[in-house]
Amino acid sequence: MNTSEVLSAQGVDLFYGETPAVRNAQITLRRGEVAAITGQSGSGKSSLLYCLAGVLPVARGEVRFEGRALGVLDDDELSALRRERFGFVFQYGELLPELTVEENAALPLRLAGQRKAEALTAAGEVLGRLGLADLRQRRPSQVSGGQNQRVAVARALVHQPAVVFADEPTGSLDSVNATAVLEEFLSLARSQGTAVVLVTHDAQVAARADSQYAMRDGILSAVPGESP
Ligand SMILES: Nc1ncnc2c1ncn2[C@@H]1O[C@H](COP(=O)(O)OP(=O)(O)O)[C@@H](O)[C@H]1O
Ligand SMILES: [Mg+2]
């Protein structure tokens, strides 16, 4: 294994019942690499993310994180891996409405057992880097859509995970807001060496990634980039 390799999939198939959703997928991410996956609705992008993140067990093939096959981990080990080493951002942020902005952002640290004061301090730093320092005490319903997505980004990165899985993370925003949030997200991820698997239907966004893939009918293809 290449030591900078953090996540890889080889020959991965996923089925829902008899229906294939992912077929023979192959992808490799190095530390800090941003990989973009584009493709039409229903092509299998989210399903692939679930395989890579160990959310759904694969029917064939292997996903490896830091050289270790996810298939050998039991449920507790997999949950711990997802909680501690992975981060997730979804289309609508999916913050907990009853928690404040800073409590939402601190959640991964709290789940890892960190004391509240320390977790909130760390969350405050990440929120500050995303321009949200003044909104820490508000609830998700009291901030804008773009700010909600920034909080979701803060929550995904606060525990400095090895990989963030982002499933159309700005898909609910207008294009100006989406571009701004995405740039902040990728720059923060890059600054801490976090690899990102970014599902997007925006070709311009994908063009900013280090590597690009296209998904069609469950088949993932690498999109050749410009030679370095
Ligand atoms: N839980 C499920 N049960 C059965 N079929 C599903 C399920 N989730 C997704 N599918 C099907 O799998 C295919 C891929 O879906 P998905 O991964 O959500 O695509 P995308 O994220 O690219 O829109 C689609 O045909 C979809 O209808
Ligand atoms: Mg999807």
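Take the position in the sequence shown, starting the count at 1, then add 22; the result is the number in this note's numbering.
Beta carbons: idealized from backbone N, C-alpha and C, even for Gly.
Just so we're clear, the structure is a prediction, and the values are computed from it rather than from any experiment.
So what's residue i in DSSP terms, helix, strand or just coil?
{"i": "Gly54", "result": "coil"}
{"i": "Glu205", "result": "helix"}
{"i": "Gln48", "result": "strand"}
{"i": "Gln113", "result": "coil"}
{"i": "Ser8", "result": "Past the edges of the chain, shown from 23 to 250, lies residue 8, and the structure says nothing about it."}
{"i": "Leu152", "result": "coil"}
{"i": "Leu100", "result": "helix"}
{"i": "Ala217", "result": "strand"}
{"i": "Arg132", "result": "helix"}
{"i": "Arg212", "result": "helix"}
{"i": "Ser243", "result": "strand"}
{"i": "Arg158", "result": "coil"}
{"i": "Pro250", "result": "Residue confidence is low: Pro250 scores 49 on pLDDT, short of 50, so the model does not pin down where it sits. No coordinate-derived value is stated."}
CA-CA distance, residue i and residue j?
{"i": "Gln171", "j": "Pro191", "result": "7 Å"}
{"i": "Ala43", "j": "Ser243", "result": "14 Å"}
{"i": "Ser163", "j": "Pro119", "result": "7 Å"}
{"i": "Asp35", "j": "Ala57", "result": "20 Å"}
{"i": "Leu220", "j": "Leu74", "result": "12 Å"}
{"i": "Asn126", "j": "Arg177", "result": "7 Å"}
{"i": "Ala81", "j": "Leu152", "result": "39 Å"}
{"i": "Ala102", "j": "Phe108", "result": "9 Å"}
{"i": "Leu78", "j": "Tyr72", "result": "5 Å"}
{"i": "Thr201", "j": "Leu210", "result": "14 Å"}
{"i": "Ser63", "j": "Ala188", "result": "16 Å"}
{"i": "Ile241", "j": "Thr50", "result": "15 Å"}
{"i": "Glu84", "j": "Ala31", "result": "6 Å"}
{"i": "Glu88", "j": "Gly54", "result": "13 Å"}
{"i": "Gly167", "j": "Leu117", "result": "11 Å"}
{"i": "Val175", "j": "Arg105", "result": "15 Å"}
{"i": "Ser69", "j": "Arg45", "result": "11 Å"}
{"i": "Ala145", "j": "Leu133", "result": "13 Å"}
{"i": "Val180", "j": "Val245", "result": "31 Å"}
Closest by CA to residue i, which one among the options?
{"i": "Leu195", "options": "Val203, Asp189, Ala188", "result": "Val203"}
{"i": "Ala236", "options": "Ile59, Glu27, Gly39", "result": "Ile59"}
{"i": "Leu121", "options": "Arg161, Ala141, Leu142", "result": "Arg161"}
{"i": "Ala47", "options": "Gly247, Leu149, Asp239", "result": "Asp239"}
Please decide whether residue i counts as near chain B, where near means a Cβ-Cβ distance under 8 Å.
{"i": "Ala228", "result": "Among the chains of the structure shown, chain B does not appear; only one protein chain is present."}
Taking the beta carbon of residue i as the centre, do at least 16 other beta carbons fall within 10 Å, making it buried, or is it exposed?
{"i": "Lys67", "result": "buried"}
{"i": "Val185", "result": "buried"}
{"i": "Ala228", "result": "buried"}
{"i": "Glu40", "result": "exposed"}
Check whether the Cβ of residue i lies closer than 7 Å to any heavy atom of ligand 4, and answer yes or no.
{"i": "Ser194", "result": "By its list of ligands, the structure shown excludes ligand 4, since it contains just ligand 1 and ligand 2."}
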